[in-house]
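K.L.:
Plus 12 on top of the position in the sequence shown (first one is 1) and you've got the working numbering.
The structure that follows is given in the form of C-alpha cells.
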Amino acid sequence: MPQKSEFGRGFVVNLMLLSRHFGLPPERAFYGAADHLNDFMVPEQFRGTEIEELVERLRKQVIWHQPGTLDREDAADVKRLLNRLAVAVDKELGIPDPDTGKYD
13 MPQKSEFGRG FVVNLMLLSR HFGLPPERAF YGAADHLNDF MVPEQFRGTE IEELVERLRK
73 QVIWHQPGTL DREDAADVKR LLNRLAVAVD KELGIPDPDT GKYD
C-alpha cells in the first residue's frame, strides 16, 4: 500500500487542492500551493495533449512565483490557467462545449 500523501496525490485531487489556494485572497494564494505539485500526476491518456502543456505551465507559474511581488496578477493568471485546464479536461472527456461560466 502506498505511503499516505501529506499534500495530495493524483490529478483531479491535486487540481482541487490547488484551486482552494486560488480561492483565497491573492496575497495568501501562493503560500503552500507548490506543496500540491509534489505528487501531481498527469494521467497517461492526457500525455502529449494540451492538458499536459497546461499542467506544465501551471507548475512553472506556481513554483516561480515570488511571494509579495505581483501577487494579484500572478494569482489571476493561475486562476485563468486552472479554468483553461478544466475546460481542456472536459473536452478530452467528450463534453462538446464546456464553459466555466460568466461568474466563476
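Positions of the beta carbon are idealized from the N, C-alpha and C atoms, including for glycine.
Keep in mind that this is a model prediction, so the values were computed, not measured.
Which residues does DSSP list as the beta-bridge partners of residue 22?
P.N.:
Walking along the sequence shown from the start, residue 22 turns up at place 10. Answer by DSSP bridge pairing, in chain order: 52.
K.L.:
As a quick exercise: from 87, 60, 28, 88, pick the residue whose alpha carbon is nearest that of residue 98.
P.N.:
Residue 98 sits at position 86 when you count from the first residue of the sequence shown. Checked all of 87, 60, 28, 88; the closest Cα to residue 98 is 28.
K.L.:
Does DSSP put residue 38 in a helix, in a strand, or in coil?
P.N.:
Residue mapping note: residue 38 aligns to position 26 of the sequence shown, counting from 1. Three-state DSSP puts residue 38 in a helix.
K.L.:
So the alpha helix (DSSP H) residue 87 belongs to, where does it begin and stop?
P.N.:
Translated into the one-based positions of the sequence shown, residue 87 becomes position 75. Where residue 87 is concerned, the enclosing alpha helix (DSSP H) stretches over 83 to 104.
K.L.:
So, helix, strand or coil for residue 107, using DSSP?
P.N.:
Mapped onto the sequence shown, residue 107 falls at position 95. Correct three-state label for residue 107: coil.
K.L.:
Which residue comes first and which comes last in the alpha helix (DSSP H) that contains residue 73?
P.N.:
Counting from 1 along the sequence shown, the entry for residue 73 is found at position 61. Segment 62 to 76, the alpha helix (DSSP H) holding residue 73.
K.L.:
Assign residue 13 to one of three DSSP states: helix, strand, or coil.
P.N.:
For this step, residue 13 is matched to residue 1 along the sequence shown. Coil, per DSSP.
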